[in-house]
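Single-structure report; data block below.
Numbering (the working numbering), first residue to last: 2 to 285.
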């Protein structure tokens, strides 16, 4: 009888251990699935588009008439890409339509905002880091020397044209937000627009300020735009921030610690980056 009781006790222990082990394994699996889903994390827009809260109006046609964009060179840029060319040309004509940036046209809009940011007269371009004597003049950067679609030299148009004029409050807002938006292709903020992405973002901020867009919304729009210009990057940043339990706030995500070249390298070193789909080049 004693032997039977011992046998039953042994069986009971084995069964109990089985269920405990199963619970641990199942719980671990559940946590893993939740982590893979990244619940609560930033996700790039499923539609991969953002309606820019700006009025484009006749700016495109003025960029052409003032020579900031040479229409012939613009057309040559899209040789063999007729569908892209057709849309690219629409932004060089007067329009009342809102601009919708998508994965497909993100590079075209990068170019046209680059042209605007370069040419529109602004205090940041005239008194900011771009004019620091240490760099030998503003004409030596990718955002200036790299703009090859103008009639004549790009510097002939640098901060020259009054396409959009900002009042003091609007200018201060642009300067403040520009100083807080970085890009993973380099270590500088939009306040130092030494590459095409920086110059285009500066132009976008100016246009948003003129429309009365709030500081909070500027960061939200800028994050969506950067997500299209740098595919995959902000998903990786979001994954890192979730891993470190850091609030995924647009302003924070666009800051130096995450969006600058060095900040993003730290992110990449801490996670297994998702496959990127290209983007991030600093030329036309």
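Cβ coordinates follow ideal geometry from the N, Cα and C atoms, glycine included.
| query | result |
| --- | --- |
| Take residue 263 and list the residues in its own chain whose beta-carbon comes closer than 7 Å to its own, dropping the five residues that flank it on each side. | 188 |
| To the nearest angstrom, how far is the alpha carbon of residue 255 from that of residue 207? | 18 Å |
| Since I believe residue 144 is in contact with residue 110 (beta carbons under 8 Å), could you give me their beta-carbon distance rounded to a whole number of angstroms? | With 8 Å as the limit, residue 110 and residue 144 do not qualify as a contact, their Cβ atoms being about 16 Å apart. |
| Is DSSP giving residue 159 helix, strand or coil here? | coil |
| Is any beta-carbon of chain B found at less than 9 Å from that of residue 184? | The question asks about chain B, but that chain is absent: this structure has only one protein chain. |
| Rounded to whole angstroms, what is the Cα-Cα separation between residue 155 and residue 68? | 9 Å |
| Specify the secondary structure class of residue 56 as computed by DSSP and reduced to three states. | coil |
| On the CB-based measure, 16 or more other CB atoms within 10 Å of its CB, does residue 232 come out buried or exposed? | buried |
| Around the Cβ of residue 105, are there at least 16 other Cβ atoms within 10 angstroms (buried) or fewer (exposed)? | exposed |
| With the cut-off set at 9 Å, would you say residue 194 and residue 125 are in Cβ contact? | yes |
| Which runs of the alpha helix (DSSP H) at least 4 residues long sit entirely within the region 237-275? Give them in chain order. | 251-254, 257-260 and 262-271 |
| Does DSSP put residue 79 in a helix, a strand or coil? | coil |
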